[in-house]
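Participant: Can you read through this structure? Questions will come right after.
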Amino acid sequence: MTSSPLAPDWLAHPHDADALPSPIWPAGAARTESGEIAFAGVPASDLAARFGTPLYVIDETDARTRARGIRTAFQTEAARVGTSCTVYYAGKAFLSIEVARWMAEEGLSVDVCSGGELAVALAAGVDPAHIGLHGNNKSLAEIDRAVAVGVGVIVIDSAIEVERVAEAAQRHGRIQDVRLRVNSGVHAHTHDFLATAHEDQKFGVRLDQGAEYVAAIRAHDSLAFRGLHCHIGSQIFGSDGFAESAARLLELHARLLEGGAVPELNLGGGFGIAYTTADDPTPAPELAAVIVDAVAAECARLGIPVPGLAFEPGRSIIGTAGVTLYEVGTVKDVLVSIPGEGADAHPTDSVRRYVSVDGGMSDNARPALYGSDYSVRLASRASAADPALVRVAGKHCESGDIVVYADYLPGDVQPGDLLAVPATGAYCWSLASNYNYLGRPAVVAVQNGEARVIVRRETEHDLLARDAAYVGPDSLGTLS
C-alpha cells in the first residue's frame, strides 16, 4: 500500500489504522476486545450514549500523573542545584473547578489571566496565596479583587499597572508581591501567534527597560518585587530557547541584585506535546535538567546565587489527557487535480475523502487559527478495511472549518461511526464558541471505569437565555 499523493510529507501510510500511538493518546486509552476505544475503561459508545457528542473526555489519572511528574521533575532538579521551584498550572489551557482542584491536590499553584479564571480557582478552594495573576490589560476591578483576596503574585505588564497595583495594595493595606514580565528577545520556533517573547507584541516590556520598571516598583512601599518573568511562546519542542532566555534574563537579574533582593526567576511554560506521530516533544525530566543546569551555570558565571525558580506549564499537563469524540454525519469523496511537474507534464487526479462530524471550529478553533494538525481514529469499532486518506471537517459555514487536515482512517468509515481526536485537552474547550448557535460540548472526566460530568453541555435554552427577546420554550417546541 502507498500513501496518497495528497498526504503531507510527514504523514506515513499506517500499517494499522486502528493503532493508538502512545505519545498522542492518554495512558488510559485502549481498544477493547470488541474493537472500540475505551478511555480509562469506559467505552466510547457508552460515553456518546450517556453524554452526547461532540464530547470532551479527560483522563483524570493521566492529567494528575502528568501534573505530578512535571512538578517533581522541576523541583528535583532545582533542589539538586540548591534552590526551590514553584510550578503553576496555566489555567488558560483548560480550567474548571475540578481541574483546578486536581492541580492543587497534586501540589501545583494555579496561574490565571482574568477575573473569570480567578473566580474558578477561588471556587475550587485554591489558596489565593498559591495563585498568580497574568494579563496585559487587567481591569481595575480584576486588580482590586486579586489584591483583596490575597493573590500570591501579580505579574506587572506595563508602567500603568505598576501604579494600579500599588494603589490597590495601598487601599487594602497590603504589600503585594509582583513580578515584571520582560521580553527576552528569544524567538521561539512556533506559530507567530504563539511566540510571545519577541519585541513587537503586546505582552511585557523590553529587556533593556527592565531596570527602569523595577525601580518604579521598588519606589512603592505597597509593592514587593519578586523577580522577572518571561514566556517565550507555546508548543515549543527542545530546551535551547528556554536556556538562552534564562541567560539573558539572568544578566538583568544580576544587575537588579545591586538594588535589593530578587528572590525568584519565572521562565514561563510553553512545553510542547505530540499531536501527530511527527511530533517529538522533550520529556519533562530532560527538559527540567537542561533548563536548571543552564540557570545554575549562568549564575556561577555571574557570581550570584541561584534564585528560586518558577514555571507555568499548561498544555503539557492537560493536552494529551483530553480526547474529543464526534459522530460522523456524512462521507464525501472529492476529486482533486494535482499539477504535474515539468512543462509537458499532465495533471493527475486523486481522491480526498471528506468526513464531516457534528462539531468543528466551535469546539476546536486551533486548526482554523494556527493551521494545527491533529490525528484521528475510528472509536466505535475496529476495521480491517484498507486505510484511506481523510480530511475531518466540521459542520460550520466556513471552508476553513477543519478538525483534522490529514490522517488515515479505515476506508469503510460511514455515517454513525464515532471518531476520536486525541490531544484536545488544551486550548479546545477554552477557545470554544457558539458559532452557528452550537452549544459548547460537555466535559467528562474518566477514571477507573467511571465517567462523570465536570462541565455540563450547553443547551438551546442556555443559548437563548441571554437573548432579551426570548419569551420561553413554549414558542419553540422541544429544545435540546
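Numbering (our numbering), first residue to last: 2 to 481.
Ideal Cβ positions, reconstructed from N, Cα and C, are used throughout, including at glycine.
(1) Contact defined as beta carbons within less than 8 Å: I believe Arg146 pairs with Gly174. What is the distance between those atoms, to the nearest angstrom?
(2) Whose C-alpha, out of Ala407, Ala424, Pro348 and Tyr89, is nearest the C-alpha of Cys114?
(3) Apart from the five residues just before and just after Phe194, which ones in its own chain have a Cβ nearer than 8 Å to its Cβ?
(4) Jot down the residue ranges of each uninterrupted beta strand (DSSP E) in the stretch 67-137, minimum 3 residues, whole runs only, in chain order.
(5) Going residue by residue through the stretch 161-232, where are the continuous alpha helix (DSSP H) segments of at least 4 residues, counting only ones entirely within it?
(6) Would you kindly report the start and end of the unbroken alpha helix (DSSP H) that includes Val148?
(7) Looking at the unbroken alpha helix (DSSP H) that takes in Gly242, where does it start and where does it end?
(8) Among Leu410, Val445, Ala380 and Ala8, which residue has its Cα nearest to the Cα of Ala30?
(9) What number of angstroms, rounded off, separates the C-alpha of Val307 from the C-alpha of Cys300?
(10) Would you say the stretch 323-339 touches the stretch 39-56, given that touching needs at least three Cβ pairs under 8 Å?
(11) Measure from the alpha carbon of Pro22 to the alpha carbon of each residue in Thr321, Ala452 and Val393, then state which is nearest.
(12) Would you mind reading off the limits of the beta strand (DSSP E) that contains Glu451?
(13) Express the C-alpha separation of Ala290 and Arg207 in angstroms, rounding to a whole number.
(14) Which word fits Glu164, buried or exposed, when buried means at least 16 other C-beta atoms lie within 10 angstroms of its C-beta?
(15) Tell me whether the beta-carbon of Gly450 lies closer than 8 Å to the beta-carbon of Gly36.
(16) For Val404 and Tyr438, which I take to be in contact (beta-carbon distance under 8 Å), what is that distance rounded to the nearest angstrom?
(17) To the nearest angstrom, report how far apart Gln202 and Tyr406 are at their CA atoms.
(18) Taking Ala412 and Asp402 to be in contact with their CB atoms under 8 Å, please state how far apart those CB atoms are, rounded to whole angstroms.
(19) Whole angstroms is fine: what's the gap from Thr197's alpha carbon to Pro474's?
(20) Which residue's Cα is closest to the Cα of Gln448: Gln171, Asp19, Pro55 and Thr62?
(21) For Asp350, which of helix, strand or coil comes out of DSSP?
(22) Starting from the C-beta of Gly83, find all residues in its chain whose C-beta is less than 7 Å away, skip the five residues before and the five after it, and write them out in chain order.
(23) Kindly indicate which three-state DSSP category Phe52 falls into: helix, strand or coil?
(24) Examine the Cβ distances between the stretch 355-365 and the stretch 427-444 and report whether three or more of them are shorter than 8 Å.
(25) Below 7 Å, is the gap between the Cβ of Phe95 and the nearest heavy atom of the ligand GDP?
(26) Out of Asp280, Val422 and Arg382, which has the shortest C-alpha to C-alpha gap to Ala13?
(27) Val179 to Leu250, Cα distance in whole Å?
(28) Evaluate Gln415 with the Cβ neighbour count: other Cβ atoms within 10 Å of its Cβ, from every protein chain shown; 16 or more gives buried, anything less gives exposed.
(29) How is the beta strand (DSSP E) around Ser338 delimited, first residue to last?
(30) Name the residue from Phe95, Thr73 and Ser373 whose alpha carbon lies nearest to the alpha carbon of Ser483.
(31) Going by alpha carbons, who is nearest to Gly417 out of Gly330, Trp26 and Gly273?
(32) To which residues of the same chain is Arg65 closer than 7 Å at the C-beta, ignoring the five residues directly before and after it?
(33) For Phe312, which of Thr460, Leu123 and Leu109 has the nearest alpha-carbon?
(34) If I follow the unbroken beta strand (DSSP E) through Leu288, where does it start and stop?
(35) Determine the closest residue to Asp222 out of Ile176, Tyr428 and Ala216, with distance taken between C-alpha atoms.
(36) Is DSSP giving Asp402 helix, strand or coil here?
Facilitator: Taking the coordinates as given:
(1) Contact doesn't hold; Cβ gap of about 15 Å is too wide.
(2) Here the closest residue by C-alpha is Tyr89.
(3) Caution is warranted here: a pLDDT of 36 is assigned to Phe194, below 50, making its placement in the model unreliable, and no coordinate value can be reported.
(4) Here the runs fully enclosed are 86-91, 110-113 and 132-134.
(5) Taken in chain order, the whole alpha helix (DSSP H) runs of length 4 or more contained in the stretch 161-232 are 211-219.
(6) Counting along the chain, the alpha helix (DSSP H) containing Val148 begins and ends at Leu141 to Val150.
(7) For Gly242, the enclosing alpha helix (DSSP H) has its first and last residue at Asp241 to Leu257.
(8) The residue with the shortest Cα to Cα distance from Ala30 is Ala380.
(9) About 6 Å.
(10) Contact between the stretch 323-339 and the stretch 39-56 is present: three or more C-beta pairs spanning the two stretches fall below 8 Å.
(11) Cα-wise, what sits closest to Pro22 is Thr321.
(12) The continuous beta strand (DSSP E) containing Glu451 extends over residues Glu451 to Val456.
(13) In this structure, the straight-line span from the alpha carbon of Arg207 to that of Ala290 is close to 28 Å.
(14) Exposed.
(15) Taking the C-beta atoms as reference points, Gly36 is found no nearer than 8 Å to Gly450.
(16) At roughly 19 Å, the Cβ-Cβ gap does not stay under 8 Å, so Val404 and Tyr438 are not in contact.
(17) Rounded to the nearest whole angstrom, the C-alpha separation of Gln202 and Tyr406 is 29 Å.
(18) For clarity, residue 412 is Gly in the given sequence; the question names Ala instead. Contact annotation, Gly412 with Asp402: C-beta distance approximately 24 Å; criterion of less than 8 Å not satisfied.
(19) Because the pLDDT at Thr197 is just 45, under 50, the model does not fix this residue reliably, and the point stays unresolved.
(20) Relative to Gln448, the option among Gln171, Asp19, Pro55 and Thr62 whose CA is nearest is Thr62.
(21) Shown here, Asp350 sits in a strand according to DSSP, grouped into three states.
(22) The answer, listed in chain order, is Val307.
(23) Reduced to three states, the DSSP call for Phe52 is helix.
(24) Verdict: yes, contact present.
(25) The ligand GDP is not part of the structure shown, which contains no ligands of any sort.
(26) When the alpha-carbon of Ala13 is set against those of Asp280, Val422 and Arg382, the nearest one is in Asp280.
(27) Their Cα atoms are separated by approximately 16 Å.
(28) Exposed, since its Cβ has fewer than 16 Cβ neighbours within 10 Å.
(29) Element bounds for Ser338: Gly323 to Ile339.
(30) Not covered by the structure: residue 483. The range shown for the chain is 2 to 481.
(31) The candidate whose alpha carbon is nearest that of Gly417 is Gly330.
(32) Taken in chain order, the residues that qualify are Trp103 and Glu107.
(33) Among Thr460, Leu123 and Leu109, the Cα nearest to that of Phe312 is on Leu109.
(34) Segment Ala285 to Leu303 is the alpha helix (DSSP H) holding Leu288; no beta strand (DSSP E) there.
(35) Taking each of Ile176, Tyr428 and Ala216 in turn and checking the Cα distance to Asp222, the smallest one comes out for Ile176.
(36) In the three-state reduction of the DSSP assignment, Asp402 falls in the coil class.
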